[in-house]
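What follows is one structure encoded as C-alpha cells, with my remarks underneath.
2 protein chains.
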Amino acid sequence: MGGVEGERKPARERILDTAAELFYREGIRAVGIDTIIARSGVAKMSLYRNFASKDDLVCAYLERNMVQHAAWWDRVTARHPGNPRTQMKALFTALGHWIDHPKFQGCPFTSAAAELRDPANPARALALAHKRMVRDRLHAMAVSAGADDPDRLCGQLQLLMEGAYAAGRVLDLGPGNEAVASAAAALIDGACAEK
Amino acid sequence: MGGVEGERKPARERILDTAAELFYREGIRAVGIDTIIARSGVAKMSLYRNFASKDDLVCAYLERNMVQHAAWWDRVTARHPGNPRTQMKALFTALGHWIDHPKFQGCPFTSAAAELRDPANPARALALAHKRMVRDRLHAMAVSAGADDPDRLCGQLQLLMEGAYAAGRVLDLGPGNEAVASAAAALIDGACAEK
DNA sequence: ACAATGATACAGACCTGTCTCTACCATCGC
DNA sequence: GCGATGGTAGAGACAGGTCTGTATCATTGT
C-alpha cells in the first residue's frame, strides 16, 4: 500500500502513516509523540492541529485499520461468491499466510486492547467494537453455511482467529502456519457435515 | 492463593505479591515502581535491595508464574493418569473455566511479550521460553495419545490455547466458554480417531 | 550494636501538550 | 501586474507531570 510519489503528502497523512507503522511495530505506549513528529518530518503543532491528542491519533490509527481489515475480508470472500463454507476456509488460509509475513506483529486491535486497559479509553472501545463486528460477520457466514450450531462454530472460529494472531508473534508454528487453515477446516467441516 | 495471615511477610514477598497483582491486572508498563511500593507498604530502597531493577522484578514475577502454571498443569493431568487424550481435553476444559474467572486478564506471558517487544529484554525471553515449554509438553502428549500427525495437532492446540487467552479478555464467548473445550475435543478426536 | 526497613528528597530522563516565532504560498483587492 | 492577507507548516522552547533509580537519615527489633 502507498508509494513515495512526489514526497509531498499533506501533513496529516504523513503523521498517520508514521504513527501507524510505529504503533503497530513497537506498540502504542512505547511510541511517543516526539518520535512520531521526528520520523514524519512534521512540526509538533501540525500534529496537534490535526489530532486533538495522542488518544485521538490512536483512534484514527485504529479506524483506518478497520477500513483496511474490512477491505481485506471482502477481497478474500469475493473470490468464492455464494459459498460461505469456502469463504470461511479461505479467510483462515489467508490469515495463515498473513501471520507469516515478516512485518506481522499480531492483531492491532487485540494489541491495543491489551495495552490500553482503561475501560473508558475510546481506543479500547474501538478495538472491542471491531471484534464484535468480526464476530457478527463470522456468525452470519456460519448461519448461511448451514452450521448445526452457528453460535458454537462462530465462537470456535473466533478463538482460532485470536490464537493465530497471538501465536504468529510469540510461537513458532510449523512451516506456512498450516495449523491455522487445517484447524479451521476441521472445525468448519465438523460443524456443517451434519448432512 | 495466599491470604493475609499475620500481615508480616518479609518485604520481598510483599513486593512480589503486589507487583504480580498489579502487573497482571493493569499491565507491566502501566504500573510504576512508586505504585508498587505504595501498595505494598514498603520503602523504595527495600525494593531495590531485593531486585536489581524493574526488569528484574518483572522477571521474578514471570518466573513465579511459570512455577504456578506448571503446578496447575500437573494438577489437571494427574486426574487422568496414563490417558493423554483425556488429559488434553481436561486441560482445555479447565482453561475454559479459568478464562471465565472475573480476575482473568489473559496469559501473563503473552501479555508480557506483547508489551515488551525489545528482543533483548530478559523478561521477553522468559515469556517465549515458557511458550516453548508448553509446546513441548503438548507435543509429548500428542505423541503418546497416538495422534496421526503430532506436530499438526500440537500446533492447532497451541493456537486454540492462545486464542482462549486472548478471547477471554476481548471477546464475549458463549456461556461457560464452552467453545474452548468443544473445539479442543473436535481437534483431538479428529487427529487421533485414525483407528 | 547491628542489620533490616521505613520515609523522603532528589537527579536525570522522558512524556504530553502549549506557546511563540518564522517561512512559504496561494488567493484576492486594486 | 503586485502588494496585502490568511492559511498551513517547520522549529524549538517550555511547563508540568511521571518514571526509574540513588542517596540520606530515622526507626525498629533482636
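In order, the protein sequence lines correspond to chains A and B. With my numbering, letter number 142 in the first sequence gets 138, and the count goes up by one each step, no holes. With my numbering, letter number 119 in the second sequence gets 115, and the count goes up by one each step, no holes. For each residue, glycine too, the CB sits at the ideal point set by N, CA and C.
Buried or exposed by the 16-neighbour rule on C-beta atoms within 10 Å, applied to residue i
i, result
"residue 127 of chain A", "buried"
"residue 41 of chain B", "exposed"
"residue 152 of chain B", "buried"
"residue 178 of chain A", "buried"
"residue 9 of chain B", "exposed"
"residue 180 of chain A", "buried"
"residue 163 of chain B", "buried"
"residue 39 of chain A", "exposed"
"residue 146 of chain A", "buried"
"residue 104 of chain B", "buried"
"residue 182 of chain B", "buried"
"residue 2 of chain A", "For residue 2 of chain A, the predicted structure reports a pLDDT of 38, less than 50, and the residue's modelled location is therefore unreliable. The matter cannot be settled from this model."
"residue 132 of chain B", "exposed"
"residue -3 of chain B", "Residue placement at residue -3 of chain B cannot be trusted, given a pLDDT of 42 that sits under 50; the coordinates are not used to answer."
"residue 125 of chain A", "exposed"
"residue 67 of chain B", "exposed"
Residue from the options whose Cα sits closest to the Cα of residue i
i, options, result
"residue 108 of chain B", "A/23, A/184, A/82 and A/175", "A/23"
"residue 69 of chain B", "B/35, B/78, B/79 and B/90", "B/90"
"residue 161 of chain B", "B/93, B/146 and B/140", "B/93"
"residue 134 of chain A", "A/145, A/150, A/50 and A/121", "A/150"
"residue 55 of chain A", "A/6, A/167 and A/12", "A/12"
"residue 173 of chain B", "B/97, B/112, B/141 and B/27", "B/97"
"residue 80 of chain A", "A/104, A/141 and A/118", "A/141"
"residue 121 of chain B", "A/167, A/122 and A/82", "A/167"
"residue 148 of chain A", "A/184, A/175 and A/52", "A/184"
"residue 99 of chain B", "B/15, B/165 and B/110", "B/165"
"residue 189 of chain A", "A/5, A/31, A/36 and A/143", "A/143"
"residue 25 of chain B", "B/112, B/176 and B/175", "B/112"
"residue 20 of chain B", "B/48, B/110, B/76 and B/6", "B/110"
"residue 48 of chain A", "A/18, A/118, A/124 and A/82", "A/118"
"residue 193 of chain B", "B/139, B/31, B/36 and B/59", "With chain B represented from -3 up to 191, any question about residue 193 of chain B goes unanswered, as that position is not in the structure."
"residue 65 of chain B", "B/139, B/175, B/123 and B/176", "B/123"
"residue 139 of chain B", "B/53, B/95 and B/78", "B/78"
"residue 95 of chain A", "A/132, A/156, A/59 and A/67", "A/156"
"residue 114 of chain B", "A/27, A/5 and A/14", "A/27"
"residue 60 of chain B", "B/82, B/76, B/14 and B/31", "B/14"
CB contact below 8 Å: residue i versus chain B
i, result
"residue 178 of chain A", "yes"
"residue 156 of chain A", "yes"
"residue 72 of chain A", "no"
"residue 81 of chain A", "no"
"residue 63 of chain A", "no"
"residue 139 of chain A", "no"
"residue 191 of chain A", "Because the pLDDT of residue 191 of chain A is 48, which lies under 50, any placement of that residue in the model is unreliable, and the number read from its coordinates should be weighed accordingly. So, not an interface residue."
"residue 167 of chain A", "yes"
"residue 127 of chain A", "yes"
"residue 161 of chain A", "yes"
"residue 148 of chain A", "yes"
"residue 107 of chain A", "yes"
"residue 124 of chain A", "yes"
"residue 75 of chain A", "no"
"residue 133 of chain A", "no"
Integer Cβ distance of residue i from residue j, believed to fall under 8 Å
i, j, result
"residue 101 of chain B", "residue 130 of chain B", "Rounded, the Cβ-Cβ distance is 18 Å, inconsistent with contact."
"residue 186 of chain B", "residue 186 of chain A", "7 Å"
"residue 87 of chain B", "residue 73 of chain B", "7 Å"
"residue 84 of chain A", "residue 137 of chain A", "5 Å"
"residue 29 of chain A", "residue 50 of chain A", "6 Å"
"residue 16 of chain A", "residue 44 of chain A", "Between residue 44 of chain A and residue 16 of chain A the Cβ distance is about 18 Å, and since that is not below 8 Å, they are no contact."
CB contact below 8 Å: residue i versus chain A
i, result
"residue 111 of chain B", "yes"
"residue 116 of chain B", "no"
"residue 151 of chain B", "yes"
"residue 175 of chain B", "yes"
"residue 186 of chain B", "yes"
"residue 182 of chain B", "yes"
"residue 35 of chain B", "no"
* For the segment 3 to 31 of chain B, which residues have a beta carbon sitting closer than 9 Å to at least one beta carbon of chain A? -> Under the 9 Å Cβ criterion, the segment 3 to 31 of chain B contributes 21, 22, 23, 25 and 26.
* To do: Anything in the segment 87 to 103 of chain A with a Cβ closer than 9 Å to a Cβ of chain B? List those residues in chain order, please.
  => 101, 102 and 103
* Of the residues that make up the segment 48 to 59 of chain A, which ones have a beta carbon closer than 8 Å to any beta carbon in chain B? -> none
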